[in-house]
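Student: Protein chains in written order, with the numbering used here: chain A, 115 to 470; chain B, 7 to 293. Cβ coordinates follow ideal geometry from the N, Cα and C atoms, glycine included. Every value quoted in this text rests on a predicted model; they were computed, and no experiment measured them. Here's a structure for you.
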Amino acid sequence: MIRLTQYEFAKIITRKSVYLALIGLLLLLALYACFGHSGPLNGTTYYKPYEGAITEEKVQAARDQMQNQGYSDEKNQTRYGVFYEISMFSPESTKNFTRYDDSGNAMERTVTVSEIHYNKPWGYLLEYIDQFGVLFMMIIILLGLAPVFAEEYARGTAALLRSSKRGRSQVVSAKLIASMLYVVLGVLLFTSVNLLIYWLRFGNLAGADTPLQSVGMYFQGFYYEFSPYHLSALQYYGVQLVTHLAGSLVFACVVLCISALSSTSFVAMVINVAIVGVPYLAFDVLNFNPGWAKWIEEFSFSTMMRVTRLFQAPASYSVFGLELSYLTIYMIIMAVVTIGVVLGTYRTFRTREVFS
Amino acid sequence: MDNVSKKYRNKWAVKSFSLELSSGGVYGLLGPNGAGKTTLLRMLVDIAKPTSGQILLNGQPTEQMGDRYRSLLGYMPQRFGFYNRFSAHRFLMYMCSLKGLSVSQAAVRVQETLRMVDLEQQAQHKIRTFSGGMRQRLGIAQALLNDPHILILDEPTAGLDPKERIRFRNIIGELGRDRIVLLSTHIISDLEFSCKEMILMNEGQLITRNTPEEIMNRMQGSVWKATLTQQQLAELTSHFKVSGLSYQADGIVARILAKEQPVPQAVPETPRLEDVYMHYFDEEATS
């Protein structure tokens, strides 16, 4: 089985489109990290005087300085960031500012945010998975895995496989394991390159133990300020990575099942793009958001790969009288989908007849 | 094969086909295009399911045997592809792991089969650089890797040059001594020397099966040779099947299939397999 898995893995990674895409995406990542942001480089010194609990004096000082400071250059933007955060998380602001969930209920903070912390590197690291991670993994999974079964039929090797001793269940297991390995390596490669880039760019990864709620993404967006989870930036980064990986694996399983049902890689690719790419494009990229389609957005595959939404705010649903969190329901649905598509893949390849 | 049938949409590709094969000989499956040969072989190697009937090995349904049955098979499909990014050696090692051979067994068998098909020198070359004939030989090699008890070959000599074809026939003749070899082909000469029995099928059904000698014997007195003019030939072809023509200085020498002497100058000829093929399958000549 190990040898079979090695060969199946070799079949995936020796595909020219896969390594060309890998090189292109890594290059894009590096370019974006170095030139895309005008955000702060090591801002520890700017935050240092304000760290800890936000006092009325700090708030007043910050407001005064905000009015006096321009923020056109990088250095002043960093300072402005400090002042903005202090103003935003001052006890007065957090008390007056109310945010509403999808059902229109006022959200409550369960974790105090009235503290200032420097954790900019973690903001960018969390941002990566939310923004590029999902897109990169979709591309890599589609290019690498859509042909896994379909190409055997299109190329005319399915007859050789299926007439051999291990050409039914074991070859499917080998293909699944090789594909999972490919996904794990893809996620690890992208995240470690990203980690390295931001570590080099900031000169440190300061703020690892600060609360998730205080981490800002996309420069000054505090996406997790209402998150009910008591996690540090580092802990959440781990959770995000595991969830992103799990989402990518679920997506990979779906892609493989479609591949087993398709007669060409192109057909497999088109169907998979329609299943995953269309909701991603509509909801995440184009911000298309009509009420009737909300459930598609909430339970789409890209939501899991993107992770952010799952941990952003407290939300629960009543299922057969049982109160379950959005995260729990989402995970149950994904587990059921995964089991279904994996069994479907085995069954399809085992029973599908070869005509050519 | 016990009353095996296969239906695709509204067409019966194979209909009520029953046949028993035993070890120790090459069986030649002969039939025109669309006769159902490939479908029959696909059912035999368990990649297509019979619509009705069953295939048994020593009385046990092959469907129930699963992996055990497939471990006894060697199969070379009529049309198949390769992993072009693999070398010949790597491809065969991959096929060995699919066939359940251990690494040590695989290393030995890959060398043996590469030698058998004369691809030893090209073992490390990428398959994408191979010619059609080399690919065909590699296809034969993969079928032999697990030293199969049942070897099923669908048009294996297509694309081989005469020298390779002779080499292949010798290999098959040797292999056929202690196993079942079922060889589907259009090339009559593949069957002429090594075939224990010929199985003739058309329109999905078994027409006849027997030794080549017996099948040819049945045609004794039905094959004639005559030298004809163009006009005589034109007249003859509208009434009889013609299995061979040769243009000579004194006229056209024709091999004619007829129960009685077709023209006064015709002399009886010893039947050949080409005559058998023409007799059973050239439907156009009969109409």
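Give a yes or no on whether 9 Å exceeds the smallest Cβ distance from Ala272(A) to chain B.
Tutor: Looking up residue 272(A) in the first sequence gives position 158. Yes, its Cβ sits closer than 9 Å to a Cβ of chain B.
Student: Candidates Gln327(A), Tyr351(A), Val353(A) and Leu348(A): which alpha carbon is nearest Ser341(A)'s?
Tutor: Here residue 341(A) corresponds to residue number 227 of the first sequence, with the count starting at 1. Selected option, being the one with the closest Cα: Gln327(A).
Student: Residues bridged to Val32(B) by DSSP?
Tutor: As a working note, residue 32(B) is residue 26 in the second sequence. In DSSP, Val32(B) forms a bridge with Val187(B) and Cys201(B).
Student: Identify whether Gly250(B) lies in helix, strand or coil by the three-state DSSP scheme.
Tutor: Position 244 of the second sequence holds residue 250(B). Three-state result, Gly250(B): strand.
Student: Mind checking the segment 120-135 of chain A against chain B and listing, in chain order, the residues whose C-beta falls within less than 7 Å of any C-beta there?
Tutor: Those residues of the segment 120-135 of chain A that come within reach of chain B (Cβ to Cβ, closer than 7 Å) are Tyr121, Lys125 and Thr128.
Student: Can you say whether Phe402(A) is buried or exposed, counting buried as having 16 or more other CB atoms within 10 angstroms of its CB?
Tutor: Here residue 402(A) refers to the residue found at position 288 when the first sequence is read from its first residue. Phe402(A) should be labelled exposed.
Student: Just checking my contact of Asp167(A) with Glu229(A) at CB under 8 Å: how many whole Å lie between their CB atoms?
Tutor: Sequence index remark: in the first sequence, residue 167(A) carries index 53 (1-based). Sequence index remark: in the first sequence, residue 229(A) carries index 115 (1-based). Reading off the sequence, residue 167(A) comes out as Ala, not Asp. Contact holds; Cβ gap of about 6 Å.
Student: Would you say the segment 69-88 of chain B touches the segment 232-250 of chain B, given that touching needs at least three Cβ pairs under 8 Å?
Tutor: Short answer: they don't touch.
Student: Leaving out five residues on either side along the sequence, give the residues of the same chain with a beta carbon under 6 Å from the beta carbon of Thr462(A).
Tutor: The residue labelled residue 462(A) in the question sits at position 348 within the first sequence. The residues are Ala374 and Leu375.
Student: Going along the segment 69-86 of chain B in order, which residues come within less than 7 Å of chain A, judged by CB to CB distance?
Tutor: Residues passing the 7 Å Cβ filter: Asp73, Arg76, Ser77, Leu79, Tyr81, Pro83, Arg85 and Phe86.
Student: What residues in its chain sit with their C-beta under 6 Å from that of Gly182(B), if we drop five residues either side in the sequence?
Tutor: Along the second sequence, read from residue 1 onward, the residue named residue 182(B) stands at position 176. Around Gly182(B): Gly31 and Val32.
Student: Shortest alpha-carbon distance to Gln69(B) belongs to which of Lys247(B), Val10(B) and Pro277(B)?
Tutor: If you number the second sequence from 1, residue 69(B) lands on position 63. Reading off the sequence shown, one finds Glu at residue 69(B), where the question assumed Gln. Of Lys247(B), Val10(B) and Pro277(B), the residue nearest in Cα terms is Val10(B).
Student: Buried or exposed: where does Ala255(B) fall if 16 or more other Cβ atoms within 10 Å of its Cβ makes it buried?
Tutor: For the purposes of this step, residue 255(B) is taken as residue 249 along the second sequence, with counting starting at 1. Ala255(B) comes out exposed.
Student: Using beta carbons (cut-off 9 Å, strictly below), is Arg48(B) in contact with chain A?
Tutor: Your numbering for residue 48(B) matches position 42 in the second sequence. True, the Cβ-Cβ gap to chain A drops below 9 Å.
Student: Note the first and the last residue of the continuous alpha helix (DSSP H) segment covering Tyr242(A).
Tutor: Walking along the first sequence from the start, residue 242(A) turns up at place 128. Unbroken alpha helix (DSSP H) run through Tyr242(A): Lys234 to Tyr242.
Student: What are the partner residues of Asp160(B), as DSSP defines its beta bridges?
Tutor: Along the second sequence, read from residue 1 onward, the residue named residue 160(B) stands at position 154. For Asp160(B), which the question treats as bridged, DSSP gives the partners Ser190(B).
Student: Does the CB of Ile193(B) have a neighbour CB from chain A at under 9 Å?
Tutor: For the purposes of this step, residue 193(B) is taken as residue 187 along the second sequence, with counting starting at 1. Not one chain A Cβ lies under 9 Å of Ile193(B).
Student: Exposed or buried, Leu240(A), counting other C-beta atoms within 10 Å across all chains shown (16 or more means buried)?
Tutor: Numbered from its first residue, the first sequence carries residue 240(A) at position 126. Buried, since its Cβ has 16 or more Cβ neighbours within 10 Å.
Student: On a CA-only basis, which of His231(A), Leu302(A), Phe365(A) and Leu136(A) is nearest Pro325(A)? Give me that one, please.
Tutor: Position 211 of the first sequence holds residue 325(A). The shortest C-alpha separation from Pro325(A) is found at His231(A).
Student: Determine the direct distance from the alpha carbon of Tyr133(A) to that of Tyr160(A), and round the result to whole angstroms.
Tutor: Here residue 160(A) refers to the residue found at position 46 of the first sequence. Here residue 133(A) refers to the residue found at position 19 of the first sequence. Approximately 42 Å between the Cα atoms of the pair.
Student: Distance cutoff 9 Å, beta carbons only. Does Glu467(A) sit that close to anything in chain B?
Tutor: Against the first sequence, residue 467(A) aligns to sequence position 353. By this cut-off, Glu467(A) is an interface position.
Student: In terms of DSSP beta bridges, what is Arg215(B) paired with?
Tutor: Locating residue 215(B) in the second sequence gives position 209, where the first residue counts as 1. In the DSSP output, where bridge partners are listed per residue, Arg215(B) has Ile205(B).
Student: Let's see if you can read the secondary structure: which residues bound the beta strand (DSSP E) around Ala149(B)?
Tutor: The sequence position of residue 149(B) within the second sequence is 143, counting from 1. Run containing Ala149(B): none in the beta strand (DSSP E); it sits in the alpha helix (DSSP H), Gly138 to Leu150.
Student: Let me know the secondary structure DSSP gives Gly281(A) once reduced to three states.
Tutor: Position 167 of the first sequence, counting from 1, holds the residue named residue 281(A). If DSSP states are grouped into helix, strand and coil, Gly281(A) belongs with coil.
Student: Considering Tyr160(A), what are the terminal residues of the alpha helix (DSSP H) in which it resides?
Tutor: On the first sequence, position 46 is the one that residue 160(A) refers to. It spans Thr158 to Tyr161 - the alpha helix (DSSP H) in which Tyr160(A) sits, taken as one unbroken run.
Student: Measuring alpha carbon to alpha carbon, tell me which of Lys55(B), Glu26(B), Gly34(B) and Leu25(B) ends up nearest Arg92(A).
Tutor: The displayed coordinates of chain A run from 115 to 470. Any statement about residue 92(A) would go beyond what the structure contains.
Student: Enumerate in chain order the residues of its own chain whose CB-to-CB distance from Phe250(A) is below 6 Å, with the five nearest sequence positions on each side excluded.
Tutor: Here the question's residue 250(A) lines up with position 136 in the first sequence. Excluding sequence neighbours, Phe250(A) sits near Leu139 and Phe304.
Student: Go to Ser439(A), then tell me how far its beta strand (DSSP E) extends in each direction, as first and last residue.
Tutor: The count along the first sequence starts at 1 and reaches residue 439(A) at position 325. First-last of the beta strand (DSSP E) with Ser439(A): Leu436 to Ser439.
Student: For Ser430(A), name the three-state secondary structure that DSSP assigns.
Tutor: For the purposes of this step, residue 430(A) is taken as residue 316 along the first sequence, with counting starting at 1. Here Ser430(A) sits in strand by DSSP.
Student: Name the DSSP bridge partner or partners of Thr229(A)?
Tutor: For the purposes of this step, residue 229(A) is taken as residue 115 along the first sequence, with counting starting at 1. A small correction: the amino acid at residue 229(A) is Glu; Thr does not occupy that position in the sequence shown. Per DSSP, Ala167(A).
Student: I'd like to know if Leu118(A) contacts chain B, where contact means its C-beta is closer than 9 Å to some C-beta of that chain.
Tutor: Here residue 118(A) refers to the residue found at position 4 of the first sequence. Yes - at least one Cβ of chain B is within 9 Å of the one on Leu118(A).
Student: Measure the beta-carbon distance from Val259(B) to Lys231(B) and round it to whole angstroms, keeping in mind my assumption that it falls under 8 Å.
Tutor: As a position in the second sequence, residue 259(B) is number 253, starting the count at 1. As a position in the second sequence, residue 231(B) is number 225, starting the count at 1. Sure, about 7 Å apart at Cβ, within 8 Å.
Student: When we look at the beta-carbon of Asp178(A) and count the other beta-carbons within 10 Å, is it buried (16 or more) or exposed?
Tutor: Residue numbering aside, residue 178(A) sits at position 64 when the first sequence is read from its first letter. Asp178(A) is exposed by the Cβ-count criterion.
Student: Going along the chain, which residues of its own chain have a beta-carbon closer than 8 Å to the beta-carbon of Lys162(A), five neighbours each way excluded?
Tutor: Reading the first sequence from its first residue, position 48 is the one you call residue 162(A). Contacts found: Tyr232.
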